[in-house]
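So my numbering is basically just the index in the sequence shown, starting at one, shifted up by 787. Every residue, glycine too, gets a C-beta built ideally from N, C-alpha and C. Source: prediction; values computed, not measured. Beneath this line is the structure, given in structure tokens, with notes to follow.
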Amino acid sequence: MKRFLASRSRGSAIVEFALVLPIFMLFLAGTVDFANAFRAKMVLSQAVASGANYSFQLSQMYPDRAVNVSDISAATRAGAPTGSTASVVVTLASCVVNGTLQPASSQPDSSKCPNGLAPGDYQTISATYHYDPILPIYSLMASSDLTESVIVRTK
788 MKRFLASRSR GSAIVEFALV LPIFMLFLAG TVDFANAFRA KMVLSQAVAS
838 GANYSFQLSQ MYPDRAVNVS DISAATRAGA PTGSTASVVV TLASCVVNGT
888 LQPASSQPDS SKCPNGLAPG DYQTISATYH YDPILPIYSL MASSDLTESV
938 IVRTK
């Protein structure tokens, strides 16, 4: 009788394991997927910061030189997630009004910005990276496009 109960409980453990395993694997894959997306977002953030740093240092070393947008884009792409095709956009302007860049020439008095500050040379560096999740369910909860941007004043 003891042997019969022992083999029966062993069989129920296998059945319970078979029922719990898919749920556990789904939870584990979701955790790994979230961690990978978070890592890609942090790497993209660092890439945009390195592009801004490159732009700022270049303007300090060569103040009379015109901004080379392709160099800033290349510096940002170099720091993007490995094997990615991150799209990088660099926008040049002279004034920041309510968090958006505007050229000083569109202002009535080009010696001042609408917020009263003197115009400077601002750049917006934005990068977008398409993250391919392991589980397609991640795309339903959040966008697969990771975007990071920064505004830097160079002068």
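Please classify THR872: does DSSP put it in a helix, a strand, or coil? coil
Relative to the alpha-carbon of VAL877, which residue among ALA929, THR818, ARG940, GLY798 has its alpha-carbon at the smallest distance? ARG940
Out of ILE938, TYR841, PHE821, VAL835, state which residue places its alpha-carbon closest to the alpha-carbon of ALA873. VAL835
Assigned secondary structure, ASP820 (DSSP; H/G/I helix, E/B strand, else coil): helix
What's the C-alpha gap between PHE825 and GLU935? 13 Å
In whole angstroms, what is the alpha-carbon distance linking PRO920 and THR887? 32 Å
What is the rounded straight-line gap between the Cα of MET812 and the Cα of THR818? 10 Å
From the DSSP output, in three-state form, read off TYR916 for me. strand
Considering only the beta carbon of each residue, do LYS942 and SER837 sit closer than 8 Å? no
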